[in-house]
Amino acid sequence: MTFRFLWEPWALILFSVALLGVCVWALIRSRRAGDGRGVAWVRRMVLVLAVVGIGATPTIVTETQQVTSNLEVYMVVDRTGSMAAEDYDGSATRLSGVGSDVAEIVAAFPGSRYSVISFSAQAQRELPLTTDARAVRAWADTLHQENTWYSGGSAIDRPVALLKRTLENAVELNPQNVRIVFLLSDGENTQGDTTTGDESPSSYSVIAPLVDGGGVLGYGTVTGAKMKEWTGVDDPNRPYIQDPATGQDAISRIDENNLRGVAAELGVRYAHRTSPGDLSFFADAVDVDSIVEDGRTEVSVHRDLYWPFVWVIVGLLAWEAFDAARAIREMRGTRVR
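Written as structure tokens, this is what we have:
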């Protein structure tokens, strides 16, 4: 049995310690006062433990399946406003190149399991591991930049924490698999880390032990280009993003030093992408045949076991409601029939 935490472990511990502490304190007071409410506080302690059980989400292996390949491909996509700069393959946006290359990565590693993580103001998982290549291509076809109104600036390190946690969970569930990571970005770092949750200004070197290969794909030009705003409406006449310091159209430029630095930390190849093209050369570094030969073709299928806790919570809440109704009736001087 393993645990797939729905919440961060530290938050779960803080939540449980705080509420259990309140329940224990109230139980002690109730017993000293002899007010007969001790059972209610024990019930609430069990309720807290059931919620903690859901948060921890225990999982068990229900079966083992055979898959075409035990290769896991993680694509980390930059969706910050700078990726809307119009300097890819002429005057197309950088994100249009990203969409094309996502499809090329899928084609270069057929039969794999794919996952997509994007980052803008924060990092988020767009697609969990899936063998459905069409779902990945469909996502790439609808890819657009972050909402300009909620932009948090560019920070190339923003997905590090989420990617690290995702890879660690994958290693725990299926340690026999091979994992490769592709970062698709322009390398801009204008704000550092402006978020307060999953992300931290960490080096990609912390991820290197968890991956077996991959690549860093860079987009943009040294000259740079302007970027149109995005507010959720696909208006071809929408204005360009302004530089608050000058009041003029903002210019975004590729930072290849950052991109090459990430590639060096991960121990993977860097490629500057200026137009659509084949990416099969990245597959040359991954010996998929050896993955099959050394027996790494079995994948464990895990089942979450949170549903017993749900039934416990439902029962305890019903009991709580019954007691509350009885207390209200007693306060009104009526007798429960």
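With this note's numbering applied, the sequence shown corresponds to residues 1 to 337, in that order. Note that the Cβ used here is the ideal one computed from N, Cα and C, for glycine as well.
Quick one: using the 10 Å Cβ neighbour count with 16 as the cut-off for buried, is residue i buried or exposed?
i: TYR150; result: exposed
i: VAL233; result: exposed
i: MET338; result: What is shown of the chain runs 1 to 337, which leaves residue 338 out entirely.
i: TRP41; result: buried
i: GLU199; result: Confidence is the limiting factor: at GLU199 the pLDDT is only 37, short of 50, which leaves the residue's position unreliable, though a coordinate-based value still follows. Result: buried.
i: GLY36; result: exposed
i: PRO159; result: buried
i: ALA318; result: exposed
i: ASN237; result: exposed
i: ILE13; result: exposed
i: GLN157; result: First, the amino acid is wrong: residue 157 is Asp here, not Gln. Per the 10 Å Cβ criterion, buried.
i: ASN257; result: exposed
i: VAL102; result: buried
i: GLY214; result: buried
i: ILE28; result: exposed
i: ALA50; result: buried
i: MET350; result: Nothing about residue 350 can be read from this structure; the chain reaches only from 1 to 337.
i: ASP78; result: buried
i: PHE281; result: exposed
What is the residue span of the alpha helix (DSSP H) that residue i lies within?
i: SER16; result: 9-33
i: ILE54; result: 38-56
i: PHE5; result: Here PHE5 belongs to no alpha helix (DSSP H), and DSSP marks it neither H nor E.
i: ARG326; result: 307-331
i: ILE117; result: No alpha helix (DSSP H) holds ILE117; the beta strand (DSSP E) holding it covers 113-119.
i: GLU256; result: 256-266
By the three-class DSSP mapping on this structure, what secondary structure does residue i have?
i: PHE282; result: helix
i: LEU184; result: strand
i: LEU162; result: helix
i: LEU217; result: strand
i: LYS226; result: coil
i: PRO209; result: helix
i: VAL233; result: coil
i: ILE251; result: coil
i: ARG134; result: helix
i: GLU72; result: strand
i: THR148; result: helix
i: LEU143; result: coil
i: ASP87; result: coil
i: ILE156; result: coil
i: ASP101; result: helix
i: ALA108; result: helix
i: ALA170; result: helix
i: ARG94; result: helix
Between which two residues does the beta strand (DSSP E) carrying residue i extend?
i: ALA271; result: 269-273
Contact check, residue i vs residue j under 8 Å by CB: the rounded distance?
i: GLU168; j: LEU127; result: With a Cβ gap of about 18 Å, GLU168 and LEU127 do not count as contacting.
i: TYR342; j: SER120; result: Only positions 1 to 337 of the chain appear in the structure, and residue 342 is not among them; the question remains open.
i: ILE117; j: THR166; result: 7 Å
i: ARG273; j: GLY97; result: 6 Å
i: VAL368; j: TYR204; result: Outside the displayed span of the chain (1 to 337) sits residue 368, for which this structure offers no information.
i: ILE207; j: LEU163; result: 6 Å
Of all the CB atoms in chain B, is at least one closer than 8 Å to the CB of residue i?
i: GLU256; result: As a matter of chain content, chain B is missing from the structure shown, which is built from one protein chain.
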